[in-house]
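Here the numbering used here is used: the sequence shown runs in plain steps of one and ends on residue 241.
Note that CB positions come from ideal geometry on N, CA and C, so glycine has one too.
All figures in this text were calculated on a predicted structure; none of them were measured in a lab.
Here is the structure we will look at, set down as structure tokens.
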Amino acid sequence: MGLVSTPERAGVLFGQARLLYCATVLAAIDYRWWVFIHLAGVFGFLLAHGASVSALFRLRKERDREKIRQLIQFSGSTIRLFYISLLVLVVGGVGAGLQGHWFKQKWIWEAIGVLVVVTLLMFVVARPYYRHVAEATELRPSGVPRVSDEDLALRLESPIPAIVTLLGFGGLAAILWLMIFKPM
Ligand code: HEM
């Protein structure tokens, strides 16, 4: 009773050593470098996601199926860079948060909450909308569109882009406000 077997103890020791290593690395990197990494991630995020944002605005007026397909493909081609930037943004933010002892305050948790909620809503609203529009650009083997021009126009004129814009810019504004004003 109460005795920990050798492999278990080794596991605990290994875990503690890893924690100590992480804490040392965290402390060794200057706070400003964590902020630098965080902001570099934010710039990458905005640049990469800007393609999806521009495509969203452009799509509303476009009726040429080939151009619509190209716009959606272009947006899709930036998603990898978008996710890499998101990872850099999060790593830098967590590093700065830990070193600056910000995790004791509510605002940083609220900012993370907004980021998570907007991300989830994008999966539920923005992504399916692009798939739905892309589907309407497909042609049958005979060359006839699978979906009528009227249905395509209806999909493009749906309120979804406005909702995505509101969610996206609203989320960005909320995160920015929390980061700048740091309400306790
Ligand atoms: C906090 C800000 C934002 C976050 C965290 C976010 C996150 C995401 C995520 C995770 C996706 C799914 C990417 C995928 O398909 O794997 C996505 C897609 C998308 N987002 Fe955002 N987004 C933000 C802001 C915005 C803004 C401001 C707009 C437009 C005004 C926007 C428009 C779109 C569109 C159109 C897509 C679909 C892209 C595609 O499937 O190719 N987002 N977003």
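Which of helix, strand or coil DSSP assigns to P198: In the three-state reduction of the DSSP assignment, P198 falls in the coil class, being assigned neither a helical nor a strand state.
CA-to-CA distance, I165 to A191, given in whole angstroms: Taking the straight line joining both Cα atoms gives about 37 Å.
Beta-carbon gap between Y187 and S132 smaller than 8 Å: Taking a C-beta distance under 8 Å as the contact criterion, Y187 and S132 qualify as a contact pair.
Closer than 6 Å: residues whose CB approaches a heavy atom of the ligand HEM: Checking every Cβ against the heavy atoms of the ligand HEM under 6 Å gives H106, S109, V110, L113, S132, G133, I136, L172, V175, T176, M179, F180, A183, R184, Y187, V221, T222, G225, F226, G228, L229.
Inter-residue CB distance, E167 and L213 (contact presumed, cutoff 8 Å): Not quite, the Cβ-Cβ distance comes to about 35 Å (not below 8 Å), so this is no contact.
Contact under 8 Å by Cβ, L224 with L178: Cβ distance < 8 Å, so L224 and L178 count as in contact.
Backbone CA spacing between F180 and D206 [nearest angstrom]: It is roughly 27 Å from the alpha-carbon of F180 to the alpha-carbon of D206.
Pair within 8 Å by beta-carbon distance, R120 and A210: Taking 8 Å as the cut-off, the Cβ atoms of R120 and A210 count as close.
Beta carbon of I220 nearer than 8 Å to that of V182: Against a cut-off of 8 Å, the Cβ pair of V182 and I220 comes out as a contact.
Buried or exposed by the 16-neighbour rule on C-beta atoms within 10 Å, applied to I232: The residue is buried, with at least 16 neighbouring Cβ atoms inside 10 Å.
Exposure label - T176; buried when at least 16 CB within 10 Å: By the Cβ-count criterion, T176 is exposed, with fewer than 16 other Cβ atoms from all chains shown falling within 10 Å of its own Cβ.
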